[in-house]
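There are 4 protein chains.
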Amino acid sequence: MPEEKHIVTAGQLVQLVGKSGKAKILRLSPGAKHQSKDGIIEHDQIIGEKWASQVSSHLGEAFTILQPALDDLIRTVKRNSQTLYPKDIAYILLSLGIGPGDEVVEVGSGSGAMTIALAHCVGSEGRVFSYDRRPEIQSVARENIENLGLNAQVTFKLRDVEEGLDEKNLRFIIVDLPNPEDYLEQFKAAMLPGAFFACILPTSNQVSTLLLAMKKAGFSFFEVSEILHRYYKPVARRLRPADSMVAHTGYLFFARHVRESNLERK
Amino acid sequence: MPEEKHIVTAGQLVQLVGKSGKAKILRLSPGAKHQSKDGIIEHDQIIGEKWASQVSSHLGEAFTILQPALDDLIRTVKRNSQTLYPKDIAYILLSLGIGPGDEVVEVGSGSGAMTIALAHCVGSEGRVFSYDRRPEIQSVARENIENLGLNAQVTFKLRDVEEGLDEKNLRFIIVDLPNPEDYLEQFKAAMLPGAFFACILPTSNQVSTLLLAMKKAGFSFFEVSEILHRYYKPVARRLRPADSMVAHTGYLFFARHVRESNLERK
Amino acid sequence: MPEEKHIVTAGQLVQLVGKSGKAKILRLSPGAKHQSKDGIIEHDQIIGEKWASQVSSHLGEAFTILQPALDDLIRTVKRNSQTLYPKDIAYILLSLGIGPGDEVVEVGSGSGAMTIALAHCVGSEGRVFSYDRRPEIQSVARENIENLGLNAQVTFKLRDVEEGLDEKNLRFIIVDLPNPEDYLEQFKAAMLPGAFFACILPTSNQVSTLLLAMKKAGFSFFEVSEILHRYYKPVARRLRPADSMVAHTGYLFFARHVRESNLERK
Amino acid sequence: MPEEKHIVTAGQLVQLVGKSGKAKILRLSPGAKHQSKDGIIEHDQIIGEKWASQVSSHLGEAFTILQPALDDLIRTVKRNSQTLYPKDIAYILLSLGIGPGDEVVEVGSGSGAMTIALAHCVGSEGRVFSYDRRPEIQSVARENIENLGLNAQVTFKLRDVEEGLDEKNLRFIIVDLPNPEDYLEQFKAAMLPGAFFACILPTSNQVSTLLLAMKKAGFSFFEVSEILHRYYKPVARRLRPADSMVAHTGYLFFARHVRESNLERK
Numbered sequence: 011m012p013e014e015k016h017i018v019t020a021g022q023l024v025q026l027v028g029k030s031g032k033a034k035i036l037r038l039s040p041g042a043k044h045q046s047k048d049g050i051i052e053h054d055q056i057i058g059e060k061w062a063s064q065v066s067s068h069l070g071e072a073f074t075i076l077q078p079a080l081d082d083l084i085r086t087v088k089r090n091s092q093t094l095y096p097k098d099i100a101y102i103l104l105s106l107g108i109g110p111g112d113e114v115v116e117v118g119s120g121s122g123a124m125t126i127a128l129a130h131c132v133g134s135e136g137r138v139f140s141y142d143r144r145p146e147i148q149s150v151a152r153e154n155i156e157n158l159g160l161n162a163q164v165t166f167k168l169r170d171v172e173e174g175l176d177e178k179n180l181r182f183i184i185v186d187l188p189n190p191e192d193y194l195e196q197f198k199a200a201m202l203p204g205a206f207f208a209c210i211l212p213t214s215n216q217v218s219t220l221l222l223a224m225k226k227a228g229f230s231f232f233e234v235s236e237i238l239h240r241y242y243k244p245v246a247r248r249l250r251p252a253d254s255m256v257a258h259t260g261y262l263f264f265a266r267h268v269r270e271s272n273l274e275r276k
Numbered sequence: 011m012p013e014e015k016h017i018v019t020a021g022q023l024v025q026l027v028g029k030s031g032k033a034k035i036l037r038l039s040p041g042a043k044h045q046s047k048d049g050i051i052e053h054d055q056i057i058g059e060k061w062a063s064q065v066s067s068h069l070g071e072a073f074t075i076l077q078p079a080l081d082d083l084i085r086t087v088k089r090n091s092q093t094l095y096p097k098d099i100a101y102i103l104l105s106l107g108i109g110p111g112d113e114v115v116e117v118g119s120g121s122g123a124m125t126i127a128l129a130h131c132v133g134s135e136g137r138v139f140s141y142d143r144r145p146e147i148q149s150v151a152r153e154n155i156e157n158l159g160l161n162a163q164v165t166f167k168l169r170d171v172e173e174g175l176d177e178k179n180l181r182f183i184i185v186d187l188p189n190p191e192d193y194l195e196q197f198k199a200a201m202l203p204g205a206f207f208a209c210i211l212p213t214s215n216q217v218s219t220l221l222l223a224m225k226k227a228g229f230s231f232f233e234v235s236e237i238l239h240r241y242y243k244p245v246a247r248r249l250r251p252a253d254s255m256v257a258h259t260g261y262l263f264f265a266r267h268v269r270e271s272n273l274e275r276k
Numbered sequence: 011m012p013e014e015k016h017i018v019t020a021g022q023l024v025q026l027v028g029k030s031g032k033a034k035i036l037r038l039s040p041g042a043k044h045q046s047k048d049g050i051i052e053h054d055q056i057i058g059e060k061w062a063s064q065v066s067s068h069l070g071e072a073f074t075i076l077q078p079a080l081d082d083l084i085r086t087v088k089r090n091s092q093t094l095y096p097k098d099i100a101y102i103l104l105s106l107g108i109g110p111g112d113e114v115v116e117v118g119s120g121s122g123a124m125t126i127a128l129a130h131c132v133g134s135e136g137r138v139f140s141y142d143r144r145p146e147i148q149s150v151a152r153e154n155i156e157n158l159g160l161n162a163q164v165t166f167k168l169r170d171v172e173e174g175l176d177e178k179n180l181r182f183i184i185v186d187l188p189n190p191e192d193y194l195e196q197f198k199a200a201m202l203p204g205a206f207f208a209c210i211l212p213t214s215n216q217v218s219t220l221l222l223a224m225k226k227a228g229f230s231f232f233e234v235s236e237i238l239h240r241y242y243k244p245v246a247r248r249l250r251p252a253d254s255m256v257a258h259t260g261y262l263f264f265a266r267h268v269r270e271s272n273l274e275r276k
Numbered sequence: 011m012p013e014e015k016h017i018v019t020a021g022q023l024v025q026l027v028g029k030s031g032k033a034k035i036l037r038l039s040p041g042a043k044h045q046s047k048d049g050i051i052e053h054d055q056i057i058g059e060k061w062a063s064q065v066s067s068h069l070g071e072a073f074t075i076l077q078p079a080l081d082d083l084i085r086t087v088k089r090n091s092q093t094l095y096p097k098d099i100a101y102i103l104l105s106l107g108i109g110p111g112d113e114v115v116e117v118g119s120g121s122g123a124m125t126i127a128l129a130h131c132v133g134s135e136g137r138v139f140s141y142d143r144r145p146e147i148q149s150v151a152r153e154n155i156e157n158l159g160l161n162a163q164v165t166f167k168l169r170d171v172e173e174g175l176d177e178k179n180l181r182f183i184i185v186d187l188p189n190p191e192d193y194l195e196q197f198k199a200a201m202l203p204g205a206f207f208a209c210i211l212p213t214s215n216q217v218s219t220l221l222l223a224m225k226k227a228g229f230s231f232f233e234v235s236e237i238l239h240r241y242y243k244p245v246a247r248r249l250r251p252a253d254s255m256v257a258h259t260g261y262l263f264f265a266r267h268v269r270e271s272n273l274e275r276k
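Chains as they are written, first to last, in the numbering used here: chain E, 11 to 276; chain L, 11 to 276; chain F, 11 to 276; chain H, 11 to 276.
In structure tokens:
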């Protein structure tokens, strides 16, 4: 019954796009209402409609119903701090090769942007363990995960990683902390030999500090890089990059838990 | 039985890293042999060992046994053409939000780099349909997919998309062709309203041409960008970018199958 | 009398830097006053002082007296349009090798940013001819040049280059027009064989159009490039790039007036 | 007599461009010969010819006679070390505002690439003082300067700047040393208050070290940046960046000799 795919159903995430271009993401719940300055839309107006069709607010404003992109979900999270960017999250996911069924530990819940992407990637067979010691930070990440209905894949742990991780034999650990060098023993205790470590660091000094500490601690296969993402104005006859761009988010830092320090990655 | 995770088993992909840093990826098969200029290693030497441990060739050269990263799998495919780069593949996957269980059509099999990443992301519940009209190209992609044991998720179709796609109600279509503007009707016929379109184009002229054609054909939400990936030399006390970098692979082009041309994405 | 160099004299350009970091550039004139929200400073307070010393406004605010950098002069011009950036001006000047005593034609006076840099480079023995057909544009450029005391080196011509240039045997012509391809015959008539042509173009379509037209018109040695300038936050213990940057100003386009179309520059 | 400008004369620098695109720069000397694998050309064949005309070698190969760009002079110097790139030299010259008649000290002669550009910019009324303590390095820079006939503007000093500089009241000092922080007192003794300091540093650690030292030594107005230069393939119908680019040469570091450490540049 391929027709079903066309139809928006209760419980799904939809993105409403109005004339002003503002894209609001909501989870459909029978009886609920969506309020905006362009008027009220009842969720029941949307449920049962076709994707990419339009509904009107009580003020007569038209909104198009779209499936949100993962990119959109990440960009529109409620924020408690500097959030990670899709360009960086994307490369970390691919570089580590995180996929369906994987178990991943994230240290530093942040706003949950990485948590969302991880939960999406590992799917219902996988699991994300997200550590943070700051309750006010983690509660925002938790809220974002709940709003997107990704709870089943994510376990939040309110804890300082100084005390160690519960997991063992991890293949992947992703760290968003200012001082990962202080917890290398805790990370190693939780990692499978050969496991992948990734983190993002804002300053070059942090990169230098972490490189020194990780070499000493028996990590290797270091890769440090940065991703620049340059948008273009999508105008066919006047194609050109946008005027400004994000110049820096952080340095991406990858390593593996392999003690042979004489190994050099090609 | 967490110990199991430590043990390398027959059928798994392993990456052998020797002193020279060369990283060879192979699928373990009892009785098979791996030959290199640093000597022969029997697969049976590896099977049953722990991850990140070492084995020696008959010439006494040590090799470390690692799980290959997805990144490594993509970079080491046998090539029949300019292959896609991890930086671009990563952003396309995230931007579209491809995940476990998804069905994706890829037009232009290329060397199979994107196919591998897609197959990995959609997992055993998902499916990738990869079209190409050139048998000599597709056979290489097929070989790469088979070598990595990803056959179950991938269906290759040797066909000119001029004749249309078999699939309907697709949420995702990814195109690696020099002239996607010639097949927009075929793409639309296979896409769910609101579905995601992504392609990568080497020249600015192609971007302009495609923008014009897609606007006329009722696509919208255009996003054009490029990803620059800059590596650093991972030396703590002399941290600096590498001397040279890839300056260009292609322009990333995203659109959605929504007819309302007056919509503007935020 | 090396001491003289330390002393600020009437007629010089000075940059006043106050607590707020705002840098105002003015030409010292006996009897004149400089007003700002931080109070009034008499030019006579500055004349006779040492460079890098401080003066106080009538409100007691301290200002440091500095020699302005060329960079500062360019950045602080009064603007009538999108102005050229130091990064691009710098590379054009060096690439062409403009120096003391040179004669240069500039087509498109703009805000005078390039005019200022050219006048500075060619010095009192050189000359800049700046064409523009729009009186309201050129009057701003003229005002900027006069404020900096560079009149002697610059001749403004209020004219459409459609009518041709007065100069002959030019070694350098720099164009800031949206449609340079429409005036190639006029440019050629004014250029010495082998002379240098430079322009800056915002869109890729313009680059393609100009390449086609110039090849047909007998130019060669084409070079197209772009300059990206990324600032860092100058903090020793937290060194990192600034958050955002200018992503695009224009494509730099160089060519030479040599008819042999089969020549290829290394 | 405008015709004169068309004519190549003895003593001038010319660039010979042959079919292979190789561009050789030579100074014309009556009676001299230029040898290449494409045959011999007598300088006397070139003297008296028009710019952009062609001469033939004794093997019948045609060469076009062009005025070399400053850019070409810099790129083709004989090298003794990592040489500075035009993109960086250009921005330093503009940022400092070096022009006709200026006196500049350069510390670290290198291959003379910066020396050439400085000598060109300051012209016959100006002067460049170039310090280096390594005779084998400075002799190459000296040779390059002599080959280009720029001797009159340049004074080489074979000396360790540890011993101090001879010049006083300098407005500009440009440093290409790995450890400029070790000579700040020497630099200050030679600089006019408010004078401009520029250097280029390969690693981020050096930038951090120098920032700390200069703040302590009473410098301010720090600016740290990097210039990326991306070339395009100049093909009208297939416009795109080149495949690879220089990813890093060095960090550009600017400061001014002003003691007020509370000043912040806008």
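All C-beta atoms in this analysis are idealised placements derived from N, C-alpha and C, irrespective of residue type, glycine included.
Does the beta-carbon of residue i have 16 or more other beta-carbons within 10 angstroms, so that it is buried, or is it exposed?
i: LYS226/E; result: exposed
i: GLN148/F; result: buried
i: PHE73/E; result: buried
i: ALA199/L; result: exposed
i: HIS136/L; result: Strictly speaking, residue 136/L in this sequence is Gly, with His absent from that position. GLY136/L is buried by the Cβ-count criterion.
i: ASP176/F; result: exposed
Examine chain H for any beta-carbon lying closer than 8 Å to the beta-carbon of residue i, and answer yes or no.
i: ASN215/L; result: yes
i: LEU221/L; result: no
i: THR259/F; result: no
i: ILE17/F; result: no
Hey, does residue i have any beta-carbon neighbour from chain L nearer than 8 Å?
i: ASP253/H; result: yes
Is residue i helix, strand or coil when you go by DSSP?
i: PRO244/H; result: coil
i: GLU59/E; result: coil
i: ASP3/F; result: Absent from the structure is residue 3/F, since the part of chain F shown begins at 11 and ends at 276.
i: GLU316/F; result: As displayed, chain F neither begins before 11 nor continues past 276, which places residue 316/F out of reach and without an answer.
Taking 8 Å as the CB-CB cut-off, is residue i touching chain F?
i: VAL185/E; result: no
i: VAL256/E; result: yes
i: SER91/L; result: no
i: SER218/L; result: yes
i: ARG360/E; result: With chain E running from 11 to 276 in the structure shown, residue 360/E is simply not present.
Please check if any C-beta of chain A sits within less than 8 Å of the C-beta of residue i.
i: LYS226/F; result: In the structure shown, chain A cannot be found, because the protein chains are E, L, F and H.
Cβ of residue i less than 8 Å from any chain E Cβ?
i: GLU195/L; result: no
i: ASN179/L; result: yes
Closer than 9 Å, Cβ to any Cβ of chain H: which residues of the region 30 to 61 of chain F, in chain order? SER30, GLY31, LYS32, ALA33, LYS60 and TRP61
Touching by the beta-carbon criterion (3+ pairs, under 8 Å), the region 55 to 65 of chain L and the region 88 to 107 of chain L: no
Inter-stretch contact at 8 Å, needing at least 3 Cβ pairs: the region 136 to 147 of chain F / the region 244 to 256 of chain F: no
Is it the case that the region 179 to 192 of chain H contacts the region 36 to 52 of chain H, given that we only count it when at least three CB pairs across the two stretches are under 8 Å? no
Evaluate contact between the region 232 to 241 of chain H and the region 208 to 224 of chain F, counting only Cβ atoms and requiring at least three cross-stretch pairs below 8 Å. no
Residues of the region 143 to 170 of chain E with a CB closer than 7 Å to any CB of chain L: list them in chain order, please. none
Below 8 Å, can you find three or more Cβ-Cβ pairs linking the region 112 to 127 of chain H to the region 73 to 89 of chain H? yes
Contact the region 163 to 170 of chain L vs the region 12 to 21 of chain E: 3+ CB pairs below 8 Å: no
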